[in-house]
Each structure stands twice: as C-alpha cells, then as structure tokens.
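Below: one structure, written as structure tokens.
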Amino acid sequence: MNKCSLLAAAIFVLFGFAAPAAADPCEGPLPNQLGATFTGTIRYVGDGDSLCVGRTDRPEEWIEVRLADFNAPELHDPAGEAAKQTLTRIAFGRSVLCKTERGRSGRVISFDRVIARCQINGHSLGDAMRAAGVAEGGH
C-alpha cells in the first residue's frame, strides 16, 4: 500500500467509524394506551424535549419520551444544544411521573417515542423549560 492509500484508510477509520451517530440508549417497551402513567428516574436526555425514564439502570427497561407540552428547537438549530443542556440541568437524575397523551398526529407513539406530559414534584417539565427561558420551535 502506498502512503496515499494508508493516509486515506487512516482518515476513513478516524472519521468514518470514530463518530457514529449517537443513538439514544432507551430500549424499553413503550406504553401505548392513552392516559397510561409511569414513573421512574430520568436516565438520559436526548435533546430539549426527548428523554428516557427508567426505574432501573438497565437501558432495556427505559421508556423513551417525547414531551407533550414542550417543543424544543432541534439539536442542529442554534438554540437546540442549549435546550438540551437546560433539560439535563432541570431533570437528569430526578424522579418523574409521566402520563401519555396524543400528539398532533393523534397517536400516542411517534417516531419510536411515547408522547407524554411529565412532572417533577407536580411541576410540568414543559412549564419548567419555558420558565428557564428556553425558546420553543422544533418540529
């Protein structure tokens, strides 16, 4: 192999494999009944309106949630990373109570996430995000 081929192979390995898209670790079954409630600890924050709730530290039991009452900017948008950081600060590691709702599509599950309104100590996460000054405006 010549030097150019080695360099190209090294670049491919470094950039082609080193940074795969980060998939969320939530692998638990999703409640699919309207009005179903579930509790647990917020184990993972994916962005400003997506998180994982679990009673144990086992990702195969974590429920992936899309907040019903807050629409954060997408991560690729200018305010998206700040929204994720705020939700992490507000909620990560805390106990939460969630209740499933229908989304705009009329379904309880959308894009492999359950749509739910979640509360910490009786306070809505959506309201907490707005109170923290996070802009809404995602998809």
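Per our numbering, residue 1052 is the first one in the sequence shown, and the count goes up by one each step.
All residues carry an ideal CB built from backbone N, CA and C; glycine is no exception.
8 Å Cβ shell around residue i - same chain, five flanking residues per side excluded
i, result
"arginine 1117", "Asp1100, Ser1101, Gly1154, Ser1161, Phe1162, Arg1164, Val1165, Ile1166, Ala1167"
"valine 1147", "Thr1090, Gly1091, Thr1092, Ile1093, Val1104, Cys1169, Gln1170, Ile1171, Leu1176"
Nearest residue (CA-CA) to residue i, options the options
i, options, result
"glycine 1173", "Ala1074, Asn1122, Arg1109, Thr1090", "Thr1090"
"aspartate 1108", "Asp1120, Asp1098, Thr1092", "Thr1092"
"glutamate 1115", "Gly1188, Ala1183, Ile1171, Asp1075", "Asp1075"
"glutamate 1187", "Pro1124, Asp1128, Ser1156", "Pro1124"
"arginine 1181", "Tyr1095, Asn1122, Ala1087, Asp1098", "Asn1122"
6 Å CB neighbourhood of residue i in its chain, flanking five on each side removed
i, result
"glutamate 1112", "Gly1079, Gly1105"
"valine 1185", "Ala1134, Thr1137"
"alanine 1179", "Ile1141"
Closer than 8 Å to chain B by CB, residue i
i, result
"alanine 1119", "The structure shown has no chain B; it contains just one protein chain."
Nonlocal neighbours in the same chain, by C-beta distance under 7 Å from residue i, ignoring five residues either side
i, result
"glycine 1144", "Thr1092, Ile1093"
"aspartate 1120", "Arg1168, Ser1175, Gly1177"
"asparagine 1086", "Looking at the sequence provided, one finds glycine at residue 1086 rather than asparagine. The residues are Lys1150, Thr1151."
Supposed contact pair residue j and residue i - C-beta distance, whole angstroms, cut 8 Å
i, j, result
"proline 1129", "cysteine 1077", "The Cβ separation is near 26 Å, so there is no contact."
"valine 1096", "threonine 1139", "5 Å"
Exposure of residue i, with buried meaning 16 or more beta-carbon neighbours within 10 Å
i, result
"alanine 1183", "exposed"
"threonine 1088", "exposed"
Check: residue i C-beta below 7 Å from any heavy atom of the ligand NAP
i, result
"asparagine 1083", "This structure simply doesn't include the ligand NAP, nor any ligand for that matter."
Does the segment 1076 to 1084 come within contact of the segment 1120 to 1139, defined as at least 3 CB pairs closer than 8 Å?
Using a Cβ-Cβ distance cut-off of 8 Å, the segment 1076 to 1084 and the segment 1120 to 1139 are not in contact, since fewer than three pairs of beta carbons, one from each stretch, lie closer than that value.
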